[in-house]
Amino acid sequence: MDALDRVVKPRTKRAKRFLEKREPKLNENIKNAMLIKGGNANATVTQVLKDVYALKKPYGVLYKSKPFEDQTSLEFFSKKSDCSLFMFGSHNKKRPNNLVIGRLYDHHVLDMIELGIENFISLKDIKNSKCPEGTKPMLIFAGDDFDITEDYRRLKSLLIDFFRGPTVSNIRLAGLEYVLHFTALNGKIYFRSYKLLLKKSGCRTPRIELEEMGPSLDLVLRRTHLASDDLYKLSMKMPKALKPKKKKNISHDTFGTTYGRIHMQKQDLSKLQTRKMKGLKKRPAERITEDQKKKSKRVKKN
Amino acid sequence: MEGQSVEELLAKAEQDEAEKLQRITVHKELELEFDLGNLLASDRNPPTGLRCAGPTPEAELRALARDNTQLLINQLWQLPTERVEETIVARLPEPTTRLPREKPLPRPRPLTRWQQFARLKGIRPKKKNNLVWDEVSSQWRRRWGYQRARDDTKEWLIEVPGNADPLEDQFAKRIQAKKERVAKNELNRLRNLARAHKMQLPSAAGLHPTGHQSKEELGRAMQVAKVSTASVGRFQERLPKEKAPRGSGKKRKFQPLFGDFAAEKKNQLELLRVMNSKKPQLDVTRATNKQMREEDQEEAAKRRKMSQKGKRKGGRQGPGGKRKGGPPSQGGKRRGGLGGKMNSGPPGLGNKRKGGQRPGGKRRK
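Taken in order, these protein sequences are the chains called W and S. Here numbering that gives the first Met the number 0 is used: position 180 in the first sequence is 179, and no number is missing along the way. Here numbering that gives the first Met the number 0 is used: position 97 in the second sequence is 96, and no number is missing along the way.
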C-alpha cells in the first residue's frame with residue numbers, strides 16, 4: 000500500500016504536506032495511539048478505552064473492529080491512520096477484562112503486553128474537575144519491581160511511550176496539572192491519576208496536594224510478546240546527527256575535577272624565557288674572577 | 000542583653016526557614032531518578048509501607064504519590080526559567096530515556112538522472128520569478144501550470160507551415176505533442192522512483208526471508224545450490240520441464256589454435272592494413288566528448304568544494320576569482336566533435352556565487 004501511495008504523485012500542496020508528515024524523519028512526530036475495541040468487549044473494557052482516549056486526545060483514534068484482531072489487520076490499521084501505539088480491549092471467559100497494549104516499529108509489531116483489569120474506577124465516577132485535554136502529564140513509577148524483570152522494564156518503557164505527551168522544550172510551570180502514578184506491588188500494578196494542587200509553602204517551590212481525578216486501574220500482568228533483541232536494537236538506533244557531540248580534550252575524574260588537555264609544539268628548553276631575578280645577576284667583578292679561575296684551570300691541565 | 004536578643008532572632012529565623020522547608024522536603028531512603036525532559040520520576044524504594052496496608056491501599060498510595068510528586072516538583076522548580084509573554088516558563092532539558100523510534104531512519108535518496116547530470120556539469124538552479132508578462136492577454140501570468148503565459152495549445156490561430164499537409168489538423172498535432180511530452184515526463188519520473196526503491200531494498204543485506212524472494216533470487220539460489228555438490232553439479236538431475244540455466248558458460252572465449260585458416264588470414268591482413276594506413280583510427284568524436292566530460296566533472300567538483308568552503312567561512316572569495324573567459328567558438332578539434340552529445344548550454348550559465356566572483360564559467364580550451 001505504501002508503494003501505491005508513492006507512485007501516485009500528490010496533486011496539491013496539501014496532499015504533499017500530508018505525505019511528508021508521514022514519512023520517516025530524523026526528529027519524529029509524537030506517536031499516535033489507536034484504541035481498538037474488540038468484538039467481544041464488555042462495558043468495563045469499553046469504558047477503559049474511552050477514558051484512555053480522553054487522556055490521549057488529540058493523539059489517539061478510537062476504532063471498533065468486529066472480527067478477532069490478528070496481526071495483519073493491526074498493521075493495516077496502523078498504516079491507514081499512521082499510528083504506532085495501540086491498545087486493544089476484549090473480554091472472554093478465559094481472559095476476563097483483557098487489555099493488550101503494544102507498539103509498532105515501521106508498521107510491524109514490536110512489543111505487546113497483555114494486562115488484566117481488576118479494579119476500575121472511571122473518569123465519570125469521580126466527581127471532580129478535570130484538566131483540559133492535551134496537557135503533558137507527569138509520570139511517576141514507584142516500586143523496585145519495575146527494574147528487576149525484563150518484562151516489567153519493557154512495560155515501563157511502553158507506558159512511558161504511551162502516556163508521555165509531545166516533547167517540548169519549555170513548559171509553563173503553572174500548567175503542570177496532572178500526574179499519573181504507577182506502583183508495582185505484589186505482582187499488581189496500580190495506576191492512579193491525580194490532579195495537582197499547588198499550595199503556598201513559604202518558599203519558591205510550592206507544596207503539593209493531590210486530588211484524585213482520573214481513571215484508576217488495578218492491572219495484572221498476563222502474557223507478553225516482546226520483540227527480539229536485534230529488532231529492538233534496530234528500533235532504538237539513533238541517527239548520528241542527533242547524538243550529543245562529545246567535547247574533545249576534556250575529562251573528569253571521580254572527585255569531580257575537570258581536566259583539560261592542551262597540545263603544545265616542541266619547545267627548546269634552553270631558550271625558555273624564565274623570570275629575571277635581578278639580585279642573582281652576576282656583577283662584573285665576579286664575572287672577571289670566574290674567568291680567571293677558568294683560565295688557571297686550563298693552564299693546570301695543560 | 001542585646002547580644003542575646005540578636006542570637007534569639009537569628010535562631011528564630013533559622014527555625015522559621017526549617018519549618019518552611021519542612022513543608023516541601025520529603026525523606027526517602029533511595030533518591031529518585033529523574034528524567035525532566037519527559038517529566039518522569041522513578042522511585043526505586045521498595046514499597047514496604049504499602050505491603051502491610053491490606054486490600055485497599057488507596058490512602059497509602061495517595062501518600063506515596065504525593066511524596067513522589069513533591070520531589071519531582073522540587074526538581075522542576077530548580078530549572079532555569081524565562082519569561083515568555085507574561086508567563087513564567089521553565090526550560091526543559093532533553094529527555095534522557097531512550098525509547099524506540101516509530102519509523103526506521105530515513106535513507107538518503109539516490110540522485111535522479113537530471114540531478115546527476117547537473118552535478119557533473121556544475122549546473123546550479125537559477126532563481127526565477129513566478130509570474131511572466133503575457134502580451135496576448137496583457138496581464139501577469141504563471142510561468143507554468145494552469146493558465147500559463149505562453150500556452151501554445153490554446154492559440155486560436157495557427158499558420159499551416161509550408162511543408163505540411165494542408166488537410167492536417169494543426170491543433171490536434173499540438174495537443175498530441177503535449178500528450179507525448181507529458182507521458183515521457185511521467186515515464187522518467189517512474190524510472191527515477193524505481194531506481195530509488197531498488198537502492199532502498201538492497202539494504203536488507205541482499206537476502207530476503209523465504210516467501211519474500213523474487214524470481215531471479217530464487218533462480219540464483221537454486222543454481223548455487225545445484226553446483227555446491229562434491230562433483231560440482233555434474234550428476235544433478237533436472238526436473239522434467241526445467242530449462243538449462245543460461246549464462247553459466249565460460250567467461251572468456253579464445254579462438255582455437257588452428258582451425259579456420261581463411262578467417263585467420265583475413266584477420267591478419269586487416270590488422271596490417273590498419274597499421275599501415277595514414278589516417279588515425281581514433282574516433283575523434285568519442286575522444287573529444289570523453290575529454291570534455293572529464294574536464295566538466297573536475298570543474299564541477301572544484302566549484303562545489305569552493306562553494307562549500309565559501310559557505311562555511313562566510314563567503315570569502317575563493318582562489319578562482321579570475322576566470323579566463325574563452326571565446327564562445329572553440330577550436331578546430333571541437334568543431335569536428337560536434338556530432339556527439341554536446342551540451343554547451345546558454346553562455347554564462349548562472350554561476351552567480353557568494354562572494355561576488357565574476358560570473359561566467361566559460362569553457363577554457
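Just so you know, even glycine gets a beta-carbon here, dropped at the ideal spot from N, CA and C. Since we're looking at a predicted model, the values are computed, not measured.
Who are the neighbours of residue i on chain S, taking C-beta pairs under 8 Å?
| i | result |
| --- | --- |
| W/Met137 | Leu38, Leu39, Ala40, Thr68, Leu71 |
Tell whether a beta-carbon distance below 7 Å holds between residue i and residue j.
| i | j | result |
| --- | --- | --- |
| W/Leu54 | W/Leu34 | no |
| W/Leu84 | W/Lys30 | yes |
| S/Arg173 | S/Thr152 | yes |
| W/Glu176 | W/Tyr193 | no |
| S/Arg43 | W/Asp143 | yes |
| W/Ser309 | W/Leu103 | One cannot answer for residue 309 of chain W here, as it falls past the ends of chain W, which runs 0 to 301. |
| S/Gly36 | S/Glu101 | no |
| S/Arg90 | S/Pro103 | no |
| S/Gln74 | S/Val25 | no |
| W/Ile100 | S/Ile72 | no |
| S/Gln280 | S/Pro244 | no |
| S/Lys225 | S/Gly232 | yes |
| W/Lys36 | W/Gly88 | yes |
| S/Pro46 | W/Leu184 | yes |
| S/Ala195 | S/Arg251 | no |
| W/Met137 | S/Leu38 | yes |
| W/Leu172 | S/Ile23 | no |
Could you name the residues of chain S that residue i contacts, counting a contact when the two beta carbons are closer than 9 Å?
| i | result |
| --- | --- |
| W/Ser156 | Thr96, Arg97, Leu98, Pro99 |
| W/Gly142 | Asp42, Arg43, Asn44, Pro45, Pro46, Leu49 |
| W/Pro9 | Within 9 Å Cβ-Cβ: nothing; W/Pro9 doesn't reach chain S, min ~12 Å. |
Which residues in chain W have a C-beta closer than 8 Å to the C-beta of residue i? List them in chain order.
| i | result |
| --- | --- |
| S/Ala300 | Those do not exist, as S/Ala300 stays about 25 Å from chain W at its closest Cβ, beyond 8 Å. |
| S/Arg22 | Ser200, Gly201, Arg206 |
| S/Thr86 | Arg171, Ala173 |
| S/Arg61 | Arg191, Tyr193, Leu209, Glu211 |
Would you grab the beta carbon distance between residue i and residue j for me? Rounded to a whole angstrom, and I think it's under 8 Å.
| i | j | result |
| --- | --- | --- |
| W/Val178 | W/Ile139 | 6 Å |
| W/Thr256 | W/Ile249 | The pair is not a contact, with the Cβ atoms about 11 Å apart (cut-off 8 Å). |
| W/Asn97 | W/Glu113 | 6 Å |
| W/Arg152 | W/Asp160 | The pair is not a contact, with the Cβ atoms about 13 Å apart (cut-off 8 Å). |
| S/Gly121 | S/Arg302 | 5 Å |
| S/Arg118 | S/Ala299 | 6 Å |
| S/Trp143 | S/Leu130 | Not confirmed; about 11 Å, so no contact. |
| W/Ala141 | S/Leu63 | 6 Å |
| S/Val159 | S/Gln169 | 6 Å |
Less than 6 Å between C-beta atoms, sequence neighbours within five positions excluded: which residues of the same chain meet that for residue i?
| i | result |
| --- | --- |
| W/Arg13 | none |
| S/Gly331 | Its pLDDT being 38, under 50, S/Gly331 is placed unreliably in this model, and the coordinates cannot settle the point. |
| W/Pro165 | Ile29 |
| S/Ala148 | Val131, Asp133, Arg140 |
Excluding the five sequence neighbours on either side, which residues of its own chain have a C-beta within less than 7 Å of the C-beta of residue i, listed in chain order?
| i | result |
| --- | --- |
| S/Lys11 | none |
| W/Asp217 | Glu117, Asn118, Lys187, Tyr189 |
| W/Pro238 | Leu25 |
| W/Asp81 | Arg21, Asn31 |
| S/Pro105 | none |
| S/Ser41 | Leu31, Glu32 |
| S/Asn191 | Thr111, Arg112 |
Near residue i, which residues of its chain fall below 8 Å by C-beta distance, leaving aside the five closest residues on each side in sequence?
| i | result |
| --- | --- |
| W/Lys56 | Glu132, Gly133 |
| W/Pro214 | Val47, Asp50, Val51, Leu54, Phe119, Ile120, Ser121, Leu122, Phe190, Ser192 |
| W/Leu109 | Gly101, Arg102, Leu103, Ala226, Leu230, Tyr231, Ser234 |
| W/Leu157 | Ile100, Gly101, Arg102, Asp110, Ile112 |
| W/Asn39 | Ser89, His90, Asn91 |
Who are the neighbours of residue i on chain S, taking C-beta pairs under 7 Å?
| i | result |
| --- | --- |
| W/Asn26 | What W/Asn26 touches in chain S: nothing, since even the nearest Cβ is about 10 Å away. |
| W/Ile207 | Arg65, Thr68, Gln69, Ile72 |
| W/Ser234 | Pro99, Arg100 |
| W/Pro238 | Leu104 |
Using a C-beta to C-beta distance shorter than 9 Å, which residues of chain W count as neighbours of residue i?
| i | result |
| --- | --- |
| S/Leu8 | The contacting residues do not exist; S/Leu8 stays about 18 Å from chain W at best. |
| S/Ala89 | Asn169, Ile170, Arg171, Leu172 |
| S/Trp76 | Leu172, Arg203, Thr204, Pro205 |
| S/Val83 | Asn169, Arg171 |
Below 9 Å between beta carbons is the criterion; list the residues of the region 94-122 of chain S that meet it against any residue of chain W, in chain order.
-> Listed in sequence order: Pro94, Thr96, Arg97, Leu98, Pro99, Arg100, Glu101, Lys102, Pro103, Leu104, Pro105, Arg106.
Proximal residues, the region 83-114 of chain W versus chain S, C-beta separation under 9 Å | Those residues of the region 83-114 of chain W that come within reach of chain S (Cβ to Cβ, closer than 9 Å) are Ser83, Leu84, Arg102, Leu103, Tyr104, Asp105, His106, Leu109, Asp110.
Return the residues of the region 180-199 of chain S that lie within a Cβ-Cβ distance of less than 8 Å from chain W, sorted by chain order.
-> Of all residues in the region 180-199 of chain S, those with a C-beta nearer than 8 Å to a C-beta of chain W are Arg188, Leu189, Leu192, His196, reading in chain order.
Check distances from the C-beta atoms of the region 37-67 of chain W to those of chain S and list, in chain order, the residues that come in under 7 Å.
-> For the region 37-67 of chain W, the beta-carbon criterion of a distance under 7 Å to any beta-carbon of chain S is satisfied by none of its residues.
Got a sec: which bits of the region 135-168 of chain S sit with their beta carbon under 8 Å from any beta carbon on chain W, in order along the chain?
-> Correct list: empty, as no residue qualifies.
Selection of the region 268-298 of chain S by Cβ proximity to chain W, strictly under 8 Å = Legend: CB atoms of the region 268-298 of chain S lying less than 8 Å from CB atoms of chain W are not found in any residue.
Of all the residues that make up the region 216-230 of chain S, which are near chain W by a beta-carbon distance shorter than 7 Å?
-> Flagged: no residues at all.
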